[in-house]
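Below is one structure; the comments refer to it alone.
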Amino acid sequence: MSHNATIADMYSGVDFTSLSWIEQQWMSWYLYIGNPILATGLASFLLHELVYFGRCVPWIIIDAIPYFRRWKLQAAKIPSAQEQWSCTKQVLFSHFMVELPVIWLFHPMAEVFGMRTYQVPLPGFREWAPQVAFFFFFEDMFHYFAHQALHYGPLYKHIHKMHHKYSAPFGLAAEYAHPAEVAILGTGTIAGPIIYCAFTSNLHIYSMYIWITLRLFQAIDAHSGYDFPWSLQHWLPFWSGAEHHDFHHMAFTNNFSTSFRWWDRMLGTDDKYREYRARVRAAKAAIKNATKEERDQMEQKLMAEVEAEGVRAEAEVLRGMEKTKVQ
Numbered sequence: 473m474s475h476n477a478t479i480a481d482m483y484s485g486v487d488f489t490s491l492s493w494i495e496q497q498w499m500s501w502y503l504y505i506g507n508p509i510l511a512t513g514l515a516s517f518l519l520h521e522l523v524y525f526g527r528c529v530p531w532i533i534i535d536a537i538p539y540f541r542r543w544k545l546q547a548a549k550i551p552s553a554q555e556q557w558s559c560t561k562q563v564l565f566s567h568f569m570v571e572l573p574v575i576w577l578f579h580p581m582a583e584v585f586g587m588r589t590y591q592v593p594l595p596g597f598r599e600w601a602p603q604v605a606f607f608f609f610f611e612d613m614f615h616y617f618a619h620q621a622l623h624y625g626p627l628y629k630h631i632h633k634m635h636h637k638y639s640a641p642f643g644l645a646a647e648y649a650h651p652a653e654v655a656i657l658g659t660g661t662i663a664g665p666i667i668y669c670a671f672t673s674n675l676h677i678y679s680m681y682i683w684i685t686l687r688l689f690q691a692i693d694a695h696s697g698y699d700f701p702w703s704l705q706h707w708l709p710f711w712s713g714a715e716h717h718d719f720h721h722m723a724f725t726n727n728f729s730t731s732f733r734w735w736d737r738m739l740g741t742d743d744k745y746r747e748y749r750a751r752v753r754a755a756k757a758a759i760k761n762a763t764k765e766e767r768d769q770m771e772q773k774l775m776a777e778v779e780a781e782g783v784r785a786e787a788e789v790l791r792g793m794e795k796t797k798v799q
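Position one of the sequence shown corresponds to residue 473 (the numbering used here), numbered consecutively onward.
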């Protein structure tokens, strides 16, 4: 029997007119491709690429418009076109050489645990919302501890140092990393859904697509380098956001989590960050009648001090590794 006939048989008995528009498009995609494995693999990879680069485009435009510099966390560091292109090439390499095989193999592995792919109807909000919430929690926990491990001497020098090339990150740099790091931290993104599916046998890849879309938005926004008044961290105090993660790139230490602030707060790995924010608030209060230029100069001075401390901290990690090798 042909793949087309097989797919058609899978949808036998489904009332096409009773489906929502998106469910009709979902069914039409699988019928058009004909092979459920190929259809799911293509859809998964295309979604990842379209969401990643689609979300990066607005940040590239914002970086090119001086008006937005007032909200730039490190306003003196705007990525050049050459830096953005160099970053894009490495990201594409990782996408095709590391993420594509993982994305392609994810759904056959998850189907072993009962994940649905081509089936309609699609899960509603009450089904996918708690699943995505669990995925966010699990990934944030996994990322926190894995990220800390990547700051250990040999792992930092040979793997994570690449991601720290930019002390002032920008959207495209969210997945600018060594292929090994992409694989390590990517495990946290897919392990949550696999574990959930293994224990519940109740997961549709549609929920996975919602999770991946939100996760990419979070990662890219956290690396955007901008803190707008409407940014999510101002509405959800436990959300990390760009203001939280930008400090990690600038200071090298502190703020290892991705989506939430609670692991850093509970385990004390945000002490230097909180001290820095307190110094900024105190300095602004002391010169509240100063001009904007004077306030900007003050903040630039504090940033320079933090970045200098970060350079020393990075050098200390690398020196510690050399000492270990000598011994």
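Ideal placement from N, C-alpha and C gives every residue a C-beta, glycine not left out. The structure presented is a predicted model; accordingly, all values stated were derived computationally and were not measured.
Inset, instruction - Assuming Q705 contacts H721 (C-beta within less than 8 Å), just tell me the rounded distance between them. - result: Not a contact, Cβ separation roughly 16 Å.
Legend entry - Residues that Y502 bridges to, as DSSP identifies them: DSSP lists no partner for Y502.
Legend entry - Residue from M770, L622 and P701 whose Cα sits closest to the Cα of A757: M770
Inset, instruction - Please determine, among A754, A755, Y698 and D742, the residue with the shortest C-alpha to C-alpha distance to A547. - result: Y698
Inset, instruction - Output the distance between the C-alpha atoms of I532 and D718, rounded to the nearest integer angstrom. - result: 17 Å
Inset, instruction - Grab the span of the alpha helix (DSSP H) containing M738 for me, first residue to last. - result: W734 to M738
Inset, instruction - Rank A691, A780 and H615 by C-alpha distance to the C-alpha of V523 and give the top, closest one. - result: A691
Legend entry - Three-state secondary structure assigned by DSSP to T478: helix
Legend entry - Proximity winner among R541, K549 and V529, relative to M775 (alpha-carbon distances): K549
Inset, instruction - Can you check DSSP and say which residues form a bridge with K544? - result: Y698
Inset, instruction - Mind listing, in chain order, the continuous alpha helix (DSSP H) runs of no fewer than 4 residues lying wholly within the stretch 611–665? - result: 625–630
Legend entry - For M473, the three-state DSSP class (helix, strand or coil): A caution first: M473 carries a pLDDT of 39, below 50, which makes its placement in the model too unreliable to give a value.
Inset, instruction - May I ask you to report which of helix, strand or coil DSSP gives W707? - result: coil
Inset, instruction - Please work out which residues of its chain come closer than 7 Å, Cβ to Cβ, to M793, disregarding the five sequence neighbours upstream and downstream, and give them in chain order. - result: G625, P626 and K629
Inset, instruction - Assign G643 to one of two classes, buried (16 or more other C-beta atoms within 10 Å of its C-beta) or exposed (fewer than that). - result: buried
Legend entry - 7 Å CB neighbourhood of A652 in its chain, flanking five on each side removed: I631
Inset, instruction - Count the other C-beta atoms from every protein chain shown that fall within 10 angstroms of the C-beta of S474, then say buried if there are 16 or more, exposed otherwise. - result: For S474, the predicted structure reports a pLDDT of 44, less than 50, and the residue's modelled location is therefore unreliable. A value from the coordinates is still provided. Exposed, since its Cβ has fewer than 16 Cβ neighbours within 10 Å.
Legend entry - Close beta carbons around F710, own chain, < 8 Å, minus the five adjacent residues each side: F732, R733 and W734
Legend entry - Buried/exposed call for F724, threshold 16 Cβ in 10 Å: buried
Inset, instruction - Would you check if there are 3 or more beta carbon pairs closer than 8 Å linking the stretch 551–566 to the stretch 578–596? - result: no
Inset, instruction - Please work out which residues of its chain come closer than 8 Å, Cβ to Cβ, to V604, disregarding the five sequence neighbours upstream and downstream, and give them in chain order. - result: S679, I682, W683 and L686
Legend entry - Expected contact under 8 Å - CB spacing of A655 and V570 to nearest Å: 6 Å
Legend entry - Close beta carbons around W498, own chain, < 7 Å, minus the five adjacent residues each side: V592 and L594
Inset, instruction - May I ask you to verify whether the stretch 605–623 touches the stretch 654–674, counting CB pairs closer than 8 Å and requiring at least 3? - result: yes
Legend entry - Of the residues F517, R541 and Y638, the one placed nearest D768, counting alpha carbons only: R541
Legend entry - Option nearest Y668 by Cα separation, candidates H650, Q554, K544 and A582: A582
Inset, instruction - In angstroms with no decimal places, state the Cα-to-Cα distance between D535 and N727. - result: 24 Å
Legend entry - Nearest-angstrom Cα separation, counted from A787 out to T659: 29 Å
Inset, instruction - Would you tell me roughly how many angstroms separate the C-alpha atoms of N507 and S673, rounded to the nearest one? - result: 23 Å
Inset, instruction - Name, in chain order, the residues that DSSP records as bridge partners for H676. - result: R588
Inset, instruction - Could you round the C-beta distance between T730 and A694 to whole angstroms and report it? I think they count as a contact, below 8 Å. - result: 7 Å
Inset, instruction - Pick helix, strand or coil for V574, following the three-state DSSP scheme. - result: helix
Inset, instruction - Measure from the alpha carbon of V574 to the alpha carbon of each residue in L657, I505, L622 and G526, then state which is nearest. - result: L657
Legend entry - Beta-carbon separation (whole angstroms), R588 vs I677, contact threshold 8 Å: 7 Å
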